[in-house]
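Position in the sequence shown counted from 1, then plus 55, gives you our numbering. Just so it is clear, CB atoms sit at the ideal spot from N, CA and C, and this is done for glycine as well. Only a predicted model underlies this, so the values are computations on that prediction, with no experimental measurement involved. Okay, so here's the structure we're looking at.
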Amino acid sequence: MDLSGNLTTGFLERHASRLYREVLDGFGHTRFDHLYGVAKYDPYLRLNESVSIPALPIKIAEDLFGRPISVDNTAIVLYLGYRADAELHGLAFKDGRLEGACVTGNGTLSDCLRGKIIIVGSLAADVTAMQSRAGPELLAWALSERVLPADLASPKPLTNAWLLIGLALGHSALTLWILGVILKQMPPMRGRLWLLICLAGALAIAVLCLLVVGLRALNVVYAQVTLVTIGIVATSVLSLAFLRKRALVTDLNNGAPTVEETYDIFISYSRTPENARWVTRNVYEPLSALTKADGSPVRIFFDQNSLRIGVYWFTELTRAIYGSRLFVPVYSTDYFDKPFCKFEIEQAFIKEATQRGFVLPLSRGTTSVPKQYGHVQFLDIDSKAGYIEELSQVVKMRLNSDA
């Protein structure tokens, strides 16, 4: 090999040629590769079009057991057994003494090694990236497979990049198709989108399992199942987000959406640092201390605590607003200039049209309220020291009257 690790025609001449040609009966080299979680090796290392070196498992199986290779020069998949089995059949030097099953009491080898193939190497120093297995152990498993009495052709790994990409995209498309069929055939289940998504993903994974079994029957190993599974899961999650958003938009176009009640109060405010700290201390915390008539705590949507990572803001905010019993906006000097505040107050007044008393506004530092929202009286907290007591009283009365 050259300095880059490439095979060259001068490989034999520079690589202990006298040992190979004058001492050993046969020679070979095995280069193990790790591809997509599968260990494999080529039957021959081709130096050029006319010169090749057989892999040691191939050479030994042919010379000692009369078993020439019966497959073409494609990668041979290597199945790794348990690490403990390899250690059980090994000999090791410890404190200058040889230890192992074939070592007698006086430290000499017994006859149990007769007729066996001995591989010399270090299990500690020759560790590879293949499950941290040592090179001698990989060679031992490869030899064990090749010297089996039955001439079993080793399976081939599926390594065609375009085919692997096609399978990944195909299973993602299959997930969408299955979901479409389920939505069409089971309309009553549309209210449980997460359940339908899980069912579609599970069926797509089941098809993947059947594919793996079918390819194995054809003597082909499909090791890239992780990539396809990730694609199926990602497609399912994105489909859930898309369908929820589409369902919400449809409901909004048809009027106020029907959302399961989740919160008692939704607090809307401008999220500038100073205003956020003030609202937390003077509105959120006092309202959080309230209890309803049955003694249960008041459920509050407050974006600092209620928004989960990765959610779509507009969808989550809309669901929270329509799933709340009361809406408390804190008008500030910049409230009606903030896109999210404008979005929240617009949705709140849509619900206010059918649920009078839904909006309970507070005003901090401003008395300028757009005309379309001015018909609902706000509580000016700058001129009223007991604003929180009055707000709490109204909140308790509304919540308890609706209970």
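- For R101, the secondary structure class from DSSP, reduced to helix, strand or coil, is strand.
- Beyond the five residues adjoining it in sequence on each side, G412 comes within less than 7 angstroms, by CB distance, of R453 in the same chain, given in chain order.
- Contact annotation, S438 with Y390: C-beta distance approximately 18 angstroms; criterion of less than 8 angstroms not satisfied.
- For V334, the enclosing alpha helix (DSSP H) starts and ends at P328 to V334.
- Between F87 and Y96, the C-beta gap is smaller than 7 angstroms, which places the two residues in contact.
- Nearest to V450 by alpha-carbon distance, out of S423, P394, S387 and R354, is R354.
- With fewer than 16 other Cβ atoms inside 10 Å of its own Cβ, S456 counts as exposed.
- Judged by their CB atoms, T370 and T290 are not nearer to each other than the 7 angstroms cut-off.
- The region 247 to 262 and the region 212 to 222 do not touch, with fewer than three beta-carbon pairs separated by less than 8 angstroms.
- With at least 16 other beta carbons inside 10 angstroms of its own, V338 counts as buried.
- A contact is defined here as three or more CB-CB pairs under 8 angstroms, and the region 194 to 202 meets this definition with respect to the region 110 to 122.
- In the displayed model, S199 falls within a helix according to three-state DSSP.
- If you look at L133, you'll find it in the beta strand (DSSP E) that goes I131 to L133.
- Straight-line measurement puts the Cα of L194 at about 15 angstroms from the Cα of A180.
- Linking V414 to I233 through their CA atoms gives a straight-line distance of about 43 angstroms.
- Per the C-alpha coordinates, the member of K171, I172 and T85 positioned closest to I131 is T85.
- Between L417 and F398, the beta carbon gap of about 19 angstroms keeps them out of contact (Cβ cut-off 8 angstroms).
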